[in-house]
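Please read the structure below before turning to the comments.
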Amino acid sequence: MPLNVIDLIMADHRDVEMIFEKLRREPENRPALVAELAAKFVAHARAEETKVYSELAKAAPSERGEVHHGVEEHHEAEELLAALMAADPDRPEFATALEKLVKAVKHHVEEEESDILPAMAKAIPADRLIKMGRSFSQAKAEELAKPPKPKGRTKEELVEQAKEKGVEGYSSMTKDELVSALGT
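Numbers in the working numbering are just positions in the sequence shown, counted from 1, shifted up by 93.
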């Protein structure tokens, strides 16, 4: 039986949890594990935002707030992931950065698995969830095949976040000013 998008998302969650455990237990392998985590997390988040959250928002408009919250949590986790990538794997700040990321991702996963995914199972027919699974998997594969981006968020992403948060004068700010205004 083909897997539906909910099964695939939950499998990704378990995969990331295993990588977190390896990061704690295998300090000699941290550089490779961080690279694997970064690639998988970003691919998962992008595919979820483009192929899953948008479908849920259409099928269950009352879930738009949860969908928006999920996207915001992805952005927060990506910032924490950037801090982890910048940390020296042999220094204490690595463990601190890892624990902050683990806490944020764990919170997101718990909310997604208790709120968003059950709402999706209720609002979207089973055959559509299977089609979404294929689309989600394809989007992840395309993201994983892209060349790595430079660290940090683009100015366009920062402008969008400033707009959403109601930061005054965001449209005329430089990237550094946006980072400062957003406190990121």
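We treat Cβ as the ideally placed atom computed from N, Cα and C, and that holds for glycine.
Give me the Cβ distance between residue i and residue j, rounded to the nearest whole Å; I'm assuming they're in contact under 8 Å.
i: E205; j: G163; result: 6 Å
i: E169; j: A138; result: That pair is no contact at about 11 Å.
Under the rule that 16 or more other beta-carbon atoms within 10 Å means buried, what is residue i, buried or exposed?
i: E148; result: buried
i: E121; result: exposed
i: K196; result: exposed
i: A140; result: buried
i: R107; result: exposed
i: D105; result: buried
i: K215; result: exposed
i: M111; result: exposed
So, for residue i: in the same chain, excluding its five sequence neighbours on each side, which residues have a beta-carbon less than 7 Å away from its beta-carbon?
i: A180; result: E186, F187, A190
i: V272; result: L251
i: V98; result: V145, L222, M225, G226, F229
Kindly list the residues whose CB is nearer than 8 Å to the CB of residue i, restricted to its own chain and excluding five residues on each side of it in sequence; keep chain order.
i: D100; result: G226
i: L275; result: L251, Q254, A255, K258, V260
Excluding five sequence neighbours on each side, which residues of the same chain lie with their C-beta closer than 6 Å to the C-beta of residue i?
i: L173; result: K193, L194, A197
i: H201; result: E166
i: T267; result: none
i: R117; result: none
Do residue i and residue j have their CB atoms nearer than 8 Å?
i: V135; j: E236; result: yes
| said: I'd like the ranges of any alpha helix (DSSP H) spanning at least 4 consecutive residues and lying wholly in the region 231 to 257. | reply: none
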